[in-house]
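Novice: Residue numbering for the sequence shown follows our numbering, starting at -16 and increasing by one per position. My questions all concern the structure below.
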Amino acid sequence: MMPIPETCDGFADWLARQALWPAVIVAAVLAAAPLAALAGAVAPNSWPAAAVAIVATVSGLAVLALSALIRFDAALFHLMASYDEETAGGAAVDDALARMRLKPKPDRVRSLSERMGGARRLVFRQRLALAVFAIAVAAAPLAFQP
């Protein structure tokens, strides 16, 4: 496992990678699920099967949504990295978020470490949703037995 970079540009690249691979895994599994159902591998009239399918779908969609947020954060960190000074980059990000009406303009510019901490929390939540998804997918063969 590679250490998390502490530079703005390196962290942005790391975030982009963290957004991509879980989304690809979840999208592939969710795309294959209907094919398994068409092959007759499921017993749709049992409540454990329905519960596992719902948990897998909801947690998979959560992973995809968090991946999109992480990728957006990566783009914001790339924007910050394009400035020479950390405060100027942070102000540019705050201005962009305010113009898009995603977040009100703050009273002070947050530091790079504060912003990195928030992005790391998003990655943690994504990993948590991915773990729930993996457990649900692993439990699917047990739940879908006739």
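Idealized CB from N, CA, C, for every residue including glycine.
(1) Under 9 Å between the Cβ atoms of Ala123 and Ala39?
(2) Considering just the uninterrupted stretch of the alpha helix (DSSP H) at Ile37, what are its terminal residues?
(3) Given a threshold of 16 other Cβ atoms within 10 Å of its Cβ, counted over all protein chains shown, does Gly(-7) qualify as buried or as exposed?
(4) Verify the CB distance criterion: does Met99 have a CB-CB separation below 9 Å to chain C?
(5) Could you check how far apart the C-beta atoms of Ala10 and Leu47 are, in whole angstroms? I think they sit under 8 Å.
(6) Taking 9 Å as the cut-off, decide whether the C-beta atoms of Leu95 and Pro5 are in contact.
(7) By alpha-carbon positions, which one of Leu52, Leu85, Arg98 and Pro87 ends up nearest to Gly72?
(8) Buried or exposed for Ser42, going by 16 or more other Cβ atoms inside 10 Å?
(9) Work out the CA separation of Leu125 and Ala(-1) for me, nearest whole Å.
Specialist: By the coordinates alone:
(1) Taking the sequence shown and counting its residues from 1, one reaches residue 123 at position 140. Taking the sequence shown and counting its residues from 1, one reaches residue 39 at position 56. Yes. Within cutoff.
(2) If you number the sequence shown from 1, residue 37 lands on position 54. From DSSP, the alpha helix (DSSP H) with Ile37 extends over Trp30 to Ala64.
(3) For this step, residue -7 is matched to residue 10 along the sequence shown. When all chains shown are included, Gly(-7) counts as exposed.
(4) Of the chains in the structure shown, none is chain C; there is only one protein chain.
(5) Mapped onto the sequence shown, residue 10 falls at position 27. Mapped onto the sequence shown, residue 47 falls at position 64. So it is a contact: roughly 7 Å between Cβ atoms.
(6) Your numbering for residue 95 matches position 112 in the sequence shown. Your numbering for residue 5 matches position 22 in the sequence shown. In this structure, Pro5 does not lie closer than 9 Å to Leu95 by Cβ.
(7) In the sequence shown, the residue the question calls residue 72 occupies position 89. For the residues Leu52, Leu85, Arg98 and Pro87, the minimum Cα distance to Gly72 belongs to Arg98.
(8) Taking the first residue of the sequence shown as 1, we reach residue 42 at position 59. Buried, by the Cβ-count rule.
(9) Numbered from 1 along the sequence shown, position 16 holds the residue referred to as residue -1. Numbered from 1 along the sequence shown, position 142 holds the residue referred to as residue 125. Near 35 Å, if we compare the C-alpha coordinates of Leu125 and Ala(-1).
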